[in-house]
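Residue numbering for the sequence shown follows the UniProt record's numbering, starting at 1 and increasing by one per position. The C-beta atom is built at its ideal place from N, Cα and C for all residues, glycine as well. Below: the structure, in structure tokens.
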Amino acid sequence: MTASALIVAAGRGERLGSDRPKAFAVLAGRPMLEWALDALRDSPQIGEIVVALPEGYDAPDGCIGVRGGAERSHSVRAALAASTGDPILVQDAARPMLTPEIVASCLAAVAQDGVDAAIAAAPVTDTIKEAAGGDVVRTLDRSVLWAVQTPQVFRRAALEAALSQPDEVLAAATDDASLVEAAGGTVRVVPTPASNLKVTTPHDLEIAELLLRSSTRNTP
Ligand SMILES: Nc1ccn([C@@H]2O[C@H](COP(=O)(O)OP(=O)(O)OP(=O)(O)O)[C@@H](O)[C@H]2O)c(=O)n1
Ligand SMILES: C[C@](O)(CO)[C@H](O)COP(=O)(O)O
Numbered sequence: 001m002t003a004s005a006l007i008v009a010a011g012r013g014e015r016l017g018s019d020r021p022k023a024f025a026v027l028a029g030r031p032m033l034e035w036a037l038d039a040l041r042d043s044p045q046i047g048e049i050v051v052a053l054p055e056g057y058d059a060p061d062g063c064i065g066v067r068g069g070a071e072r073s074h075s076v077r078a079a080l081a082a083s084t085g086d087p088i089l090v091q092d093a094a095r096p097m098l099t100p101e102i103v104a105s106c107l108a109a110v111a112q113d114g115v116d117a118a119i120a121a122a123p124v125t126d127t128i129k130e131a132a133g134g135d136v137v138r139t140l141d142r143s144v145l146w147a148v149q150t151p152q153v154f155r156r157a158a159l160e161a162a163l164s165q166p167d168e169v170l171a172a173a174t175d176d177a178s179l180v181e182a183a184g185g186t187v188r189v190v191p192t193p194a195s196n197l198k199v200t201t202p203h204d205l206e207i208a209e210l211l212l213r214s215s216t217r218n219t220p
């Protein structure tokens, strides 16, 4: 069956502080959402693209639009309900460095036997410490740590089951794979460059602008 891509674009972007929802903030001359859309439109495995949108925004050309929810996972659930494909690729509009190569790697990984989800992730390069009240409790073993990104690709049945939980369970999840993990599913990491960053703050927007303006993706 053909894959569906879900792009979650319904967030407010409070940490970015722009005058419009973050997915529509201008990045290298275009709405941020368009960068991830380009990579998905250039991926032949993707049969349909569903975009979860803020109120008052229309679906981009060739995409199915749905109204997003209160939290990110609620937006994923709304987009999933409007999709028909299998597997399902979930992408943040706020990750504009997506490429067709990353899409292909994650789709290939989820097609392997026994895998319920395949998620883009970069090995952690900083030393990570756990702290409480300002004091370090422990230093974690960096060799087993991954900084998780999107895309996250799921077998449809696994994502449907994960997202069928109560609203408050979904609201507490910072990514979709964690819901599949909690249900005992097998989630595989797909090594991806750290440059597949999420635009959260104005500083991230500056970095993404520099990367995109120096990339061949920005040539007509
Ligand atoms: N209710 C929500 C919240 C987030 N998102 C999307 O989920 C992605 C990752 O979320 P995040 O970076 O936290 O975006 P915002 O919620 O917009 O940011 P902030 O928390 O700063 O308001 C973004 O593409 C965002 O548009 C969404 O579709 N629906
Ligand atoms: C899904 C995600 O991009 C993986 O890193 C991230 O967890 C989203 O977090 P946010 O707090 O909604 O920005």
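Where residue i and residue j are concerned, what is the direct C-alpha to C-alpha distance, given to the nearest angstrom?
i: E55; j: V76; result: 15 angstroms
i: S178; j: S195; result: 22 angstroms
i: D116; j: R155; result: 6 angstroms
i: P193; j: P151; result: 12 angstroms
i: residue 293; j: L16; result: Nothing about residue 293 can be reported from this structure: the residues present for the chain run from 1 to 220 only.
i: S215; j: T201; result: 21 angstroms
i: V110; j: A131; result: 35 angstroms
i: G85; j: A25; result: 29 angstroms
i: V199; j: R12; result: 12 angstroms
i: A157; j: S83; result: 13 angstroms
i: M1; j: G69; result: 27 angstroms
i: R188; j: V180; result: 11 angstroms
i: I49; j: A120; result: 19 angstroms
i: G184; j: G47; result: 29 angstroms
i: T57; j: A23; result: Reading off the sequence, residue 57 comes out as Tyr, not Thr. Approximately 11 angstroms between the Cα atoms of the pair.
i: V124; j: A147; result: 6 angstroms
i: R217; j: G134; result: 42 angstroms
i: D113; j: A162; result: 19 angstroms
i: P166; j: E206; result: 37 angstroms
On the CB-based measure, 16 or more other CB atoms within 10 Å of its CB, does residue i come out buried or exposed?
i: I128; result: exposed
i: residue 223; result: Absent from the structure is residue 223, since the part of the chain shown begins at 1 and ends at 220.
i: L210; result: exposed
i: D92; result: buried
i: Q149; result: buried
i: P44; result: exposed
i: P21; result: buried
i: L140; result: exposed
i: A182; result: exposed
i: A172; result: exposed
i: A104; result: exposed
Measure the CB-CB distance between residue i and residue j and report whether it falls below 8 angstroms.
i: P31; j: A208; result: no
i: A81; j: V51; result: no
i: I88; j: S164; result: no
i: L145; j: V90; result: no
i: C106; j: A122; result: no
i: P60; j: L27; result: no
i: D204; j: L212; result: no
i: S18; j: L170; result: no
Can you tell which of the options has the C-alpha that lies nearest to the C-alpha of residue i?
i: E168; options: D176, E71 and T201; result: E71
i: V66; options: L53, S73, V199 and Q149; result: L53
i: residue 221; options: D135, D126 and Q149; result: Limits of the chain in this structure are 1 at one end and 220 at the other, which puts residue 221 out of reach.
i: T186; options: G29, V153, I46 and M1; result: V153
i: A39; options: A161, A118, A173 and E101; result: E101
i: C63; options: A36, A172 and G184; result: A36
i: T99; options: Q112, V124, A59 and R41; result: R41
i: V190; options: A108, G29, A23 and H74; result: A108
i: L159; options: V124, A79 and Y57; result: A79
Which residues share a DSSP beta bridge with residue i?
i: P123; result: W146
i: E130; result: R138
i: D4; result: Note on residue identity: the sequence assigns Ser, not Asp, to residue 4. Answer is E48 and I88, bridged to S4.
i: V189; result: I119
i: F154; result: I88 and A117
i: R30; result: L27
i: G13; result: Looking at the DSSP assignment, G13 forms no beta bridge with any residue, so it has no partner.
i: L53; result: R67
So is the beta-carbon of residue i under 7 angstroms away from any non-hydrogen atom of ligand 3?
i: R138; result: In the structure shown, ligand 3 is absent; the only ligands present are ligand 1 and ligand 2.
Is any beta-carbon of chain B found at less than 8 angstroms from that of residue i?
i: R30; result: Here there is only one protein chain, and chain B is not present.
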